[in-house]
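Worksheet: the structure to be examined is printed underneath.
There are 2 protein chains.
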Amino acid sequence: MKNQLLKGDALTLLPTLEACSFDALITDPPYASGGLTAGARQKPPSEKYVQGGKSALHADFAGDERDQRSHLRWMVMWLSECARLLKEGAPVCLFTDWRQLPLTTDALQCAGFTWRGITVWDKTEGVRPQLGRFRNQAEYVVWGSKGSMPLQRRAPVLPGVIREPVRKADKLHMTGKPTALMRQLVRICEEGGRVLDPFAGSGTTLVAAQLEGYSWLGCEMTDHYVEVAGQRLAAL
Amino acid sequence: MKNQLLKGDALTLLPTLEACSFDALITDPPYASGGLTAGARQKPPSEKYVQGGKSALHADFAGDERDQRSHLRWMVMWLSECARLLKEGAPVCLFTDWRQLPLTTDALQCAGFTWRGITVWDKTEGVRPQLGRFRNQAEYVVWGSKGSMPLQRRAPVLPGVIREPVRKADKLHMTGKPTALMRQLVRICEEGGRVLDPFAGSGTTLVAAQLEGYSWLGCEMTDHYVEVAGQRLAAL
DNA sequence: CCCTTCTATGAATCGTGCT
DNA sequence: CAGCACGATTCATAGAAGG
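For the protein sequence lines, the chains are A and B, in the order given.
Numbering follows my numbering, in which position 104 of the first sequence is assigned residue number 88; successive positions increment by one, without gaps.
Numbering follows my numbering, in which position 34 of the second sequence is assigned residue number 18; successive positions increment by one, without gaps.
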């Protein structure tokens, strides 16, 4: 199966793809979680996620200004499209932060998937330490499957907590994940299978999939990141 | 303030305590999460959580056979009682597993607390591997506060992920937590404050509180564990 | 006392087969 | 057919046993 990076909105592109043609869904959708108030959430991500008065390092990305209710509906919409594209028993991994974790497990299950657990990404460094509080040093991968997941799948035992620091040189998107982290995660896919990432961003999931011997298809609607991801994938 | 270990049901005991007299709520309630079917959930914990036909190492504990709906209602009931007992701004820490995490964040917020984050207990590797799956090696601490939480509280910066293996000699309850883990957690309480644990079990939270210089009050309804906890605390 | 070898265990889960 | 009981499975680590 040919690898492809498609430019456009996942909700438009997914319906054009062939049913039952993917072995795993692994993606990092917009969290829509920055900001305590609805108003603060509607600022573009480059203002929302930047500390202090620093200028934005990364281009804005789309799809991050919904309120909780709309965000859930939107998650269920694209997840349901993905359910059609996945083979029976295929695993699903969705990144989320603590604030959106319950919404993410709801969305996964509303879309008809079986929720099977949570894997923790431990960033190891304290992000914004605050006296008298716990550090906010983890993000979460909500994972599950389309229907039952036979034990004879060709996939290894995978870690439930992945300790991986964020390295600037390896972060090409505002919410980009370390390549080493993604290389661990994609291994939930059956050996040599085909990985779907409808929110490819700077393409780290696709790069990891390629490095681990999978084929892949990604969608990304922001021109800038389609170019970034394209270059990274071409350089492999 | 005198330290006390009370014997009885939390829902009965909590209303008898004085309002605004605690600086932190730190507890590990029954999760009611084992078992795929209603029937399986009603088995005692020693059968539910132990593999194979091995004989039970620890005595059973009560309150683990509710379904999701009743479990939520019950959580909100005792949490609301605790809200009355806590001072304004006091932190709350609730243990939970991946399956009950969304329910726990709901319960915390339904009872009127502000949800502030999740802290991860990483049990480290060695926990029941399964091919083709992520290891289930973490439990979670949902934490928050009664109302706003001033930054000038006398409490240190605390870790967001705590790596701590389970040691047999340090585990006196089927679901007992390591003392080292609890010593880290209780430090969310303001220096020298008073800690409440309505589900004391073998008393690890109270032991940790004592070791870290806090005063404490615990409730436990199972005779056996009241005795175990009493002995541990007396031995300090 | 230190090192090596061995064994037991885990807040499970899946699939089968019986009721 | 739905629901439930039961056996099989996975491996890093702790802790015991032995040299």
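For glycine and all other residues, C-beta sits at the position ideal for the given N, C-alpha and C.
Cβ-based contacts, 9 Å cut-off: residues of the stretch 41 to 69 of chain B near chain A: Residues of the stretch 41 to 69 of chain B with a C-beta less than 9 Å from any C-beta of chain A: none at all.
CB of I172(A) within 8 Å of CB of C94(A), strictly: Their beta carbons are not under 8 Å apart, which means I172(A) does not touch C94(A) by this criterion.
According to DSSP, residues forming a beta bridge with V104(B): Y124(B) and V145(B).
First and last residue of the uninterrupted alpha helix (DSSP H) at R178(A): Not the alpha helix (DSSP H): R178(A) falls in the beta strand (DSSP E), residues R178 to D181.
Inter-stretch contact (C-beta, 8 Å, three-pair minimum) for the stretch 148 to 167 of chain A and the stretch 134 to 154 of chain B: The stretch 148 to 167 of chain A, when compared against the stretch 134 to 154 of chain B, does not touch it at the 8 Å Cβ threshold.
Of the residues M61(B), C203(B) and W82(B), the one placed nearest T89(A), counting alpha carbons only: It is W82(B).
Residue nearest to R53(A) in terms of C-alpha spacing, selected from E175(A), P86(A) and E72(A): R53(A) has its Cα closest to that of P86(A), out of E175(A), P86(A) and E72(A).
Exposure label - S132(B); buried when at least 16 CB within 10 Å: Its Cβ having fewer than 16 others within 10 Å, S132(B) is exposed.
Where L165(A) sits in the DSSP three-state scheme: In the three-state DSSP reduction, L165(A) falls in the helix class (H, G or I).
Interface flag, Q84(A) vs chain B, CB-CB below 8 Å: Judged by the 8 Å Cβ criterion, Q84(A) is not in contact with chain B.
C4(B) classed as buried or exposed, judged by whether at least 16 other C-beta atoms fall within 10 angstroms: It is exposed - the Cβ of C4(B) has fewer than 16 other Cβ atoms within 10 Å.
Host beta strand (DSSP E) of A8(B) (start-end): Element bounds for A8(B): A8 to T11.
R178(B) at chain A interface by Cβ criterion, 8 Å: Not one chain A Cβ lies under 8 Å of R178(B).
Start and end residues, alpha helix (DSSP H) containing M26(B): The displayed chain sequence assigns Gln, not Met, to residue 26(B). Boundaries cannot be given for Q26(B), as no alpha helix (DSSP H) includes it and DSSP labels it neither H nor E.
Identified DSSP bridge partners for S129(A): P75(A) and T98(A), per the DSSP bridge assignment.
The stretch 56 to 69 of chain A touching the stretch 110 to 122 of chain A, judged by at least three CB pairs closer than 8 Å: The stretch 56 to 69 of chain A makes no contact with the stretch 110 to 122 of chain A; the number of CB pairs closer than 8 Å stays below 3.
Within chain B, the residues that V141(A) reaches when beta carbons sit closer than 9 Å: P113, Q114, L115, G116, R117, F118 and R119, listed in chain order.
Inter-residue spacing [alpha-carbon to alpha-carbon] between A184(A) and S199(A): Approximately 14 Å between the Cα atoms of the pair.
Residue-chain proximity (H137(B), chain A), Cβ-Cβ < 8 Å: Residue identity check: residue 137(B) is Arg in the sequence provided, not His. The Cβ of R137(B) sits closer than 8 Å to at least one Cβ of chain A.
Cut-off 8 Å between Cβ atoms - residues of its own chain near Q121(A), not counting five sequence neighbours on either side: Within the same chain, and ignoring the five residues on either side of Q121(A) in sequence, the residues whose Cβ sits closer than 8 Å to its Cβ are D106, K107, T108, E109, G110 and V111.
Contact the stretch 203 to 216 of chain A vs the stretch -13 to -3 of chain A: 3+ CB pairs below 8 Å: Three or more beta-carbon pairs separated by less than 8 Å link the stretch 203 to 216 of chain A to the stretch -13 to -3 of chain A, which places the two stretches in contact.
Euclidean distance between Cα positions of V170(B) and D181(B): When rounded, the distance between both Cα atoms is 11 Å.
6 Å Cβ shell around P13(A) - same chain, five flanking residues per side excluded: In its chain, beyond the 5 residues on either side, F183 have a beta carbon closer than 6 Å to the beta carbon of P13(A).
C203(A), DSSP secondary structure in three states: Correct three-state label for C203(A): strand.
Which of helix, strand or coil DSSP assigns to Q93(B): Note: Q93(B) maps to helix in three-state DSSP.
Cα-Cα separation between Y33(B) and F45(B), rounded to whole angstroms: If you draw a straight line from the Cα of Y33(B) to the Cα of F45(B), it comes to about 12 Å.
Cutoff 8 Å: A122(A) Cβ touching any chain B Cβ: Chain B contact via Cβ: present.
Cβ-based contacts, 7 Å cut-off: residues of the stretch 143 to 166 of chain A near chain B: So the close ones are P143, G144 and V145.
Close-in-space but distant-in-sequence residues of the same chain around E196(A) (CB under 7 Å, 5 per side omitted): Around E196(A): R167, V170 and R171.
CB contact check: E196(B) to chain A, cutoff 8 Å: Using a CB distance cut-off of 8 Å, E196(B) does not count as an interface residue toward chain A.
Members of the stretch 198 to 214 of chain A that neighbour chain B once the beta carbon cut-off is set at 8 Å: Listed by position, the residues of the stretch 198 to 214 of chain A near chain B (Cβ gap below 8 Å) amount to none.
Proximal chain A residues relative to G110(B), where beta-carbon distance stays under 9 Å: Ordered by position in chain A, no residue passes the 9 Å Cβ test against G110(B), which lies about 11 Å from the chain.
Where G128(A) falls, given that 16 or more other Cβ within 10 Å makes a residue buried: Counting the other CB atoms within 10 Å of its CB gives G128(A) a total of 16 or more, which places it among the buried residues.
Buried/exposed call for R178(A), threshold 16 Cβ in 10 Å: R178(A) counts as buried, since no fewer than 16 other beta carbons sit within 10 angstroms of its beta carbon.
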